[in-house]
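S.K.:
Residue numbers (UniProt numbering): 1 to 67.
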């Protein structure tokens, strides 16, 4: 079972699909971190993700890698 503090934090986070700027290109920091995680997971990710897509993929890879 997840830590209650972590669960509360996740419930307070806004869904990336609801972000006002979610359709903008991923930030440099997102892109760098995403590619680092993808490399660790042995996956490839496209270079043209939006902020929302990058955030969702980062969450997916972090869960996959146990981070």
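Glycine included, C-beta positions come from ideal geometry on N, C-alpha and C.
Take residue 27 and list the residues in its own chain whose beta-carbon comes closer than 7 Å to its own, dropping the five residues that flank it on each side.
M.R.: As a first step, residue 27 is located in the chain shown; it is residue number 27 there, counting from the start. Hits under 7 Å: 51.
S.K.: Does residue 65 pass the burial test, meaning 16 or more other C-beta atoms within 10 Å, or should it be called exposed?
M.R.: As a working mapping, residue 65 is identified with position 65 in the chain shown. Classification of residue 65: exposed, given that the 10 Å Cβ count is below 16.
S.K.: Taking residue 61 and residue 38 to be in contact with their CB atoms under 8 Å, please state how far apart those CB atoms are, rounded to whole angstroms.
M.R.: On the chain shown, residue 61 is found 61 positions in, with the first residue counted as 1. On the chain shown, residue 38 is found 38 positions in, with the first residue counted as 1. Going by Cβ atoms, the distance from residue 61 to residue 38 rounds to 6 Å, so yes, they are a contact pair.
S.K.: Please go through the same chain and pick out, in chain order, the residues whose beta-carbon is closer than 6 Å to the beta-carbon of residue 24, but skip the five residues on each side of it.
M.R.: Mapped onto the chain shown, residue 24 falls at position 24. Correct list, in chain order: 51.
S.K.: Select from 55, 32, 43 the residue whose C-alpha is nearest the C-alpha of residue 14.
M.R.: Position 14 of the chain shown holds residue 14. The shortest Cα separation from residue 14 among 55, 32, 43 belongs to 55.
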